[in-house]
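Contents: one structure, followed by commentary.
Protein chains: 2
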Amino acid sequence: MAKSDRINYTLPSGFDIELLPGEKRLEQHWLDTIRQVYERYGFTPIETPAVERIELLQAKGNQGDNIIYAITPVLPPQMQVEGDKGKDSRALKFDQTVPLAAYVARNRNELVFPFARYQMDMVFRGERAKTGRYRQFRQCDIDVVGRGSLNLLYDAQMPAIIAEIFSALQIGDFLIRINNRKVLTGFFEALGVEADQIKGCIKIIDMLEKIGVAKVKDQLLGIGVLEESCDRMITFTQIQGSVDEVLAQLQQTATELNQPETFVVGIKELDEVIQNVRLLQVPETQFCIDLSIARGLDYYTGTVYETTLLGYESLGSICSGGRYEELVGMFAQETMPGVGLSIGLTRLMRKLLDADIIQPLAASPAQVMIVNMQQELMPVYFEISQRLRQAGIKVLTGFEKKGIGKQLDRADKLGIPLCIIIGSNEHEAQICRVKVMETGEQLDIPLSDLVPQIRQLLER
Amino acid sequence: MAKSDRINYTLPSGFDIELLPGEKRLEQHWLDTIRQVYERYGFTPIETPAVERIELLQAKGNQGDNIIYAITPVLPPQMQVEGDKGKDSRALKFDQTVPLAAYVARNRNELVFPFARYQMDMVFRGERAKTGRYRQFRQCDIDVVGRGSLNLLYDAQMPAIIAEIFSALQIGDFLIRINNRKVLTGFFEALGVEADQIKGCIKIIDMLEKIGVAKVKDQLLGIGVLEESCDRMITFTQIQGSVDEVLAQLQQTATELNQPETFVVGIKELDEVIQNVRLLQVPETQFCIDLSIARGLDYYTGTVYETTLLGYESLGSICSGGRYEELVGMFAQETMPGVGLSIGLTRLMRKLLDADIIQPLAASPAQVMIVNMQQELMPVYFEISQRLRQAGIKVLTGFEKKGIGKQLDRADKLGIPLCIIIGSNEHEAQICRVKVMETGEQLDIPLSDLVPQIRQLLER
Chain A
1 MAKSDRINYT
11 LPSGFDIELL
21 PGEKRLEQHW
31 LDTIRQVYER
41 YGFTPIETPA
51 VERIELLQAK
61 GNQGDNIIYA
71 ITPVLPPQMQ
81 VEGDKGKDSR
91 ALKFDQTVPL
101 AAYVARNRNE
111 LVFPFARYQM
121 DMVFRGERAK
131 TGRYRQFRQC
141 DIDVVGRGSL
151 NLLYDAQMPA
161 IIAEIFSALQ
171 IGDFLIRINN
181 RKVLTGFFEA
191 LGVEADQIKG
201 CIKIIDMLEK
211 IGVAKVKDQL
221 LGIGVLEESC
231 DRMITFTQIQ
241 GSVDEVLAQL
251 QQTATELNQP
261 ETFVVGIKEL
271 DEVIQNVRLL
281 QVPETQFCID
291 LSIARGLDYY
301 TGTVYETTLL
311 GYESLGSICS
321 GGRYEELVGM
331 FAQETMPGVG
341 LSIGLTRLMR
351 KLLDADIIQP
361 LAASPAQVMI
371 VNMQQELMPV
381 YFEISQRLRQ
391 AGIKVLTGFE
401 KKGIGKQLDR
411 ADKLGIPLCI
421 IIGSNEHEAQ
431 ICRVKVMETG
441 EQLDIPLSDL
451 VPQIRQLLER
Chain B
461 MAKSDRINYT
471 LPSGFDIELL
481 PGEKRLEQHW
491 LDTIRQVYER
501 YGFTPIETPA
511 VERIELLQAK
521 GNQGDNIIYA
531 ITPVLPPQMQ
541 VEGDKGKDSR
551 ALKFDQTVPL
561 AAYVARNRNE
571 LVFPFARYQM
581 DMVFRGERAK
591 TGRYRQFRQC
601 DIDVVGRGSL
611 NLLYDAQMPA
621 IIAEIFSALQ
631 IGDFLIRINN
641 RKVLTGFFEA
651 LGVEADQIKG
661 CIKIIDMLEK
671 IGVAKVKDQL
681 LGIGVLEESC
691 DRMITFTQIQ
701 GSVDEVLAQL
711 QQTATELNQP
721 ETFVVGIKEL
731 DEVIQNVRLL
741 QVPETQFCID
751 LSIARGLDYY
761 TGTVYETTLL
771 GYESLGSICS
781 GGRYEELVGM
791 FAQETMPGVG
801 LSIGLTRLMR
811 KLLDADIIQP
821 LAASPAQVMI
831 VNMQQELMPV
841 YFEISQRLRQ
851 AGIKVLTGFE
861 KKGIGKQLDR
871 ADKLGIPLCI
881 IIGSNEHEAQ
891 ICRVKVMETG
901 EQLDIPLSDL
911 VPQIRQLLER
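As they're listed, the protein sequences go chains A and B. Under the working numbering, the first residue of the first sequence carries the number 1, and numbering increases by one thereafter. Under the working numbering, the first residue of the second sequence carries the number 461, and numbering increases by one thereafter.
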């Protein structure tokens with residue numbers, strides 16, 4: 001076949017999220033770990049379809065200017081006439097928040113509120129592919145949604161969950177940076193910033209880390225904020241210190257400003273969240289108050305979070321979220337405040353793999369390989385394989401008629417820790433030879449005692 | 461807001477695959493169970509993106525006339541000019557076999573062959589929505605792919621895997637029906653059926669269970685098969701008996717027909733598969749030879765499987781697959797024979813739920829709920845929650861200021877088995893009251909001994 005006849009089987013741009021087996025096994029391990037922590041806090045799984053009505057996905061505008069992928073059936077010629085009246089009106093979800101709102105509206109009579117759910121589905125964004133940006137990626141989200149109101153303690157629980165997850169994933173030290181939108185908006189109001197400028201200010205402040213103080217100031221001036229206010233805003237967001245020091249300074253600022261209402265409420269909320277994060281035993285080194293955390297999205301109204309991997313600040317926030325009031329109730333037409341968090345798993349894992357912070361697992365889950373020494377002994381290999389599997393041990397039975405060297409080489413490439421070798425001598429003696437791949441060590445084990453001894457070897 | 465302003469938040473037709481929390485938890489339990497069995501046989505996970513190049517998905521035609529969904533970015537007005545040169549040339553995968561072929565071609569230098577992988581992704585088909593047909597659904601597939609050749613023992617391993625999965629899922633008795641395409645094509649050849657009619661015959665025979673003997677005969681006649689051949693084909697596919705009886709009858713037929721080559725090879729393969737299924741300890745009641753199993757898809761070349769849930773035959777095959785020669789190597793342009801199986805999980809679970817064969821799990825994974833008796837005791841509730849969580853117990857901490865009755869009612873609706881009640885009296889005495897929700901039983905437990913006693917209650 002000429003080269004020009006070949007089909008282009010490479011991944012389309014932005015969809016290069018495919019993992020090698022050892023990487024996929026690591027992702028699965030991460031998903032299991034994250035799921036376990038979410039469930040330990042009583043969150044229940046849901047999954048919504050990848051496809052929703054386009055008008056639903058656009059109900060609040062394309063959040064954060066996300067570009068939606070519409071889907072259209074490509075009909076084979078003989079079916080062209082049938083068409084599909086839903087054509088062009090379906091699209092792929094670009095986040096899990098709008099679908100959560102739809103799920104709650106669709107199922108609200110069956111759900112128990114506050115509804116604490118997690119969701120780890122793929123989402124799709126039709127943006128131009130840039131380095132580290134994907135057009136399909138997995139997000140691991142949790143949200144609690146109340147009916148009418150939602151206790152602030154749910155906000156305090158979020159950092160405990162983040163801390164437990166990143167500790168379990170063992171990716172190094174991290175810092176959960178907590179702020180409250182009301183602290184920012186209350187302070188801006190007190191400076192005399194116009195109500196219609198405040199959301200703009202928040203969006204600009206959100207870029208501090210990315211574009212730096214000078215450009216943020218330029219942009220604030222650009223939307224008409226007075227120079228003195230700009231300087232005070234920036235100075236405010238740079239306040240540093242222990243959580244107690246920052247809280248004390250906020251109290252002092254409130255006094256100086258004559259206790260402006262929104263600002264005072266924000267400080268009170270932030271204080272309550274922080275005190276309860278402590279009661280939930282999150283180590284003091286793992287969280288802080290950071291008044292520069294603003295979050296770009298419009299819908300946040302209270303607590304906001306970002307998480308930084310220490311020493312790898314350039315990765316950006318590895319887990320973000322916050323409290324919102326209006327979002328989830330939009331289809332149900334009820335007030336349903338919520339608080340949530342999101343881990344952009346696909347991007348995070350790829351970055352950590354590329355930076356050598358994490359390593360793929362073995363390419364195979366098998367713990368034991370049975371080497372095929374003689375085809376006639378296959379009944380023995382099968383019996384042993386099944387005995388080990390019944391004991392929960394993962395076994396790859398070798399079927400290929402290849403030399404022992406090639407078979408051991410395969411086990412090595414797959415990262416299988418133990419190989420079981422039974423030739424006619426071993427079979428006659430009712431033993432097997434076990435090769436420990438890492439050390440090269442070889443042991444003879446009586447077949448009658450195989451399961452406990454293999455277990456012991458796997459545990460050491 | 462007027463009713464006409466409301467957004468239609470219902471699921472688009474064919475995408476109504478959304479599960480309630482207890483159902484989703486059951487699906488997760490199924491996925492974990494299936495995964496464990498696949499991994500016990502040494503299969504490794506992969507995942508390919510939902511989106512591939514359209515020409516790749518159509519490389520072998522739309523397999524089984526599946527309609528592909530193309531994706532197109534819906535650009536917000538300010539970005540219209542930018543466009544996307546990949547526009548209209550991407551589509552959603554409709555199965556996992558073509559993507560497996562692409563994955564193998566893309567990563568063949570990194571993979572170890574035979575490559576044994578499982579994959580449990582969502583696939584998308586733009587067909588007209590019919591009852592029980594979905595436009596998005598999850599398939600749980602395994603395939604082993606060889607380079608150049610693949611040992612027949614992999615075919616024998618498949619029924620052992622199916623049997624273990626359906627036994628573990630506890631959905632009742634099932635029967636794995638095994639056949640070999642070469643047995644069918646060899647027999648048809650021996651009857652003098654033209655080479656170009658044989659694939660047509662296979663497709664028609666595949667419909668036996670659905671449309672019955674009379675219609676199958678009509679259709680066979682319709683494609684030009686002689687009436688005598690039709691009758692002999694149908695009689696042949698109706699051969700019944702134990703596997704040994706069927707094998708004996710096949711041998712006898714081979715002798716009568718003067719040992720036609722393909723037929724003889726097919727019988728030999730079928731025999732070898734069956735003998736090794738036995739060696740793999742699959743109970744004789746769980747498998748049989750069924751000469752009417754043909755599988756509709758063109759690409760199968762040897763062993764084929766279907767699985768029937770006994771007593772629920774109308775569900776159709778709950779797990780099917782087979783051996784193929786050409787499929788996986790198509791992009792790599794190598795011979796890569798494979799054998800695989802697929803469980804259509806979404807459809808199967810929905811049908812079994814609707815038929816009351818299986819029941820959803822509890823709506824919450826939480827095993828314990830801490831009742832909020834007094835807001836001031838929250839530090840105690842938090843301490844206890846974290847102590848239980850550190851012991852791996854799933855805890856929902858109640859934050860709402862509601863009466864105990866309402867809180868217990870919430871626990872009941874969520875299916876949480878134990879509630880921990882600590883008011884000021886219990887706190888003073890350093891005990892807690894545990895309510896066993898199923899029996900109504902109440903126990904007082906010293907806080908110092910909480911973890912072991914809760915564990916014991918959860919285990920009984």
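All residues carry an ideal CB built from backbone N, CA and C; glycine is no exception.
Notebook entry, point to check: Between Lys-520(B) and chain A, is there a C-beta pair that is closer than 7 Å?
Noted result: no
Margin query: Can you find the residues in the same chain that come closer than 8 Å, C-beta to C-beta, to Gly-392(A), ignoring five residues on each side of it along the sequence?
Written below: none
Next item on the list: Taking Met-693(B) and Leu-651(B) to be in contact with their CB atoms under 8 Å, please state how far apart those CB atoms are, rounded to whole angstroms.
Entry: 7 Å
Note to self: Is it buried or exposed, Asp-354(A), if we count other Cβ atoms within 10 angstroms and call 16 or more buried?
What the structure shows: exposed
Note to self: Suppose you measure from the CA of Glu-886(B) to the CA of Ala-101(A); what does that come to, to the nearest Å?
What the structure shows: 40 Å
Margin query: The alpha helix (DSSP H) that contains Asp-271(A), what's its start and end?
Written below: 261-279
Checklist line | Check whether Leu-361(A) and Arg-25(A) have beta carbons under 7 Å apart | finding: yes
Margin query: Residues of chain A with CB closer than 9 Å to the CB of Glu-669(B), please, in chain order.
Written below: The premise fails here: Glu-669(B) is roughly 26 Å from chain A at the closest Cβ pair, so nothing lies under 9 Å.
Checklist line | Sequence-distant residues of the same chain with beta carbon closer than 6 Å to Glu-785(B), five excluded per side | finding: Thr-761, Pro-797
Check: What are the start and end residues of the alpha helix (DSSP H) that includes Ser-845(B)?
Finding: 838-850
Note to self: So within the stretch 143-202 of chain A, which uninterrupted beta strand (DSSP E) runs reach at least 3 residues, ignoring any that extend past its ends?
What the structure shows: 174-180
Notebook entry, point to check: Apart from the five residues on each side of it in sequence, which residues of its chain come closer than 8 Å, Cβ to Cβ, to Ser-364(A)?
Noted result: Pro-21, Leu-396, Leu-414, Gly-415, Ile-416
Checklist line | Three-pair Cβ contact test at 8 Å for the stretch 695-706 of chain B versus the stretch 716-723 of chain B | finding: no
Next item on the list: Determine the closest residue to Glu-624(B) out of Val-497(B), Ala-708(B), Gly-865(B), Ile-664(B), with distance taken between C-alpha atoms.
Entry: Val-497(B)
Check: Alpha carbon to alpha carbon, how far is Arg-588(B) from Val-74(A)?
Finding: 12 Å
Checklist line | Of the residues Gln-518(B), Asn-526(B), Gln-556(B), Ala-565(B), the one placed nearest Ser-549(B), counting alpha carbons only | finding: Gln-518(B)
Notebook entry, point to check: Who does Ser-342(A) pair with in a DSSP beta bridge?
Noted result: Asp-141(A), Ser-320(A)
Notebook entry, point to check: Nearest chain A C-beta to Gly-762(B) closer than 7 Å, yes or no?
Noted result: no
Next item on the list: Compute the Euclidean distance between the alpha carbons of Ile-622(B) and Met-378(A), then round it to the nearest angstrom.
Entry: 21 Å
Next item on the list: Determine which residues share a DSSP beta bridge with Arg-692(B) and list them.
Entry: Note: Arg-692(B) sits in no beta bridge, so no partner.
Check: Just to confirm, are Phe-696(B) and Ile-602(B) a CB contact at a threshold of 7 Å?
Finding: no
Next item on the list: May I ask you to report which of helix, strand or coil DSSP gives Leu-100(A)?
Entry: helix
Notebook entry, point to check: In whole angstroms, what separates the C-alpha of Leu-208(A) from that of Glu-245(A)?
Noted result: 22 Å
Checklist line | Bounding residues of the beta strand (DSSP E) (the contiguous stretch that carries Ile-532(B)) | finding: Residue identity differs from the one stated: residue 532(B) is Thr in this sequence, not Ile. Element bounds for Thr-532(B): 528-534.
Check: Any C-beta of chain B sitting closer than 7 Å to the C-beta of Thr-463(A)?
Finding: Because chain A in this structure spans residues 1 to 460, residue 463(A) falls outside the shown range and cannot be described.
Check: What is the residue span of the alpha helix (DSSP H) that Asp-418(B) lies within?
Finding: An answer regarding residue 418(B) cannot be provided, because it is not within the stretch 461 to 920 covered by chain B.
Item checked: Residues bridged to Asn-116(A) (per DSSP) -> The sequence shown places Ala at residue 116(A), not Asn. Ala-116(A) pairs with Val-144(A).
Notebook entry, point to check: DSSP on Gln-890(B), reduced to helix/strand/coil?
Noted result: coil
Check: Near Asp-476(B), which residues of its chain fall below 8 Å by C-beta distance, leaving aside the five closest residues on each side in sequence?
Finding: Tyr-594
Check: Pro-559(B) CB to nearest chain E CB: under 7 Å?
Finding: As a matter of chain content, chain E is missing from the structure shown, whose protein chains are A and B.
Note to self: Quick check: the Cα distance between Met-120(A) and Val-685(B), rounded to an integer number of angstroms?
What the structure shows: 53 Å
Margin query: Residues in the same chain with beta-carbon distance under 8 Å from Glu-515(B), minus the five sequence neighbours each way, listed in chain order, please.
Written below: Ser-549
Margin query: So that I know if they touch, is there some Cβ in chain A lying closer than 7 Å to that of Leu-918(B)?
Written below: no
Checklist line | Partners in chain B for Leu-542(A), counting only beta-carbon separations shorter than 8 Å | finding: Because chain A here runs from 1 to 460, residue 542(A) falls outside it and cannot be looked at.
Next item on the list: Give every residue of the same chain whose Cβ lies closer than 6 Å to the Cβ of Asp-424(B), excluding the five residues on either side of it in the sequence, and list them in chain order.
Entry: Residue 424(B) is absent from the structure shown; chain B starts at 461 and stops at 920.
Notebook entry, point to check: Among the residues of its own chain, which have a CB less than 8 Å from the CB of Pro-418(B), if the five just before and after it don't count?
Noted result: Lying before the first or after the last residue shown, residue 418(B) is absent from chain B, which here runs from 461 to 920.
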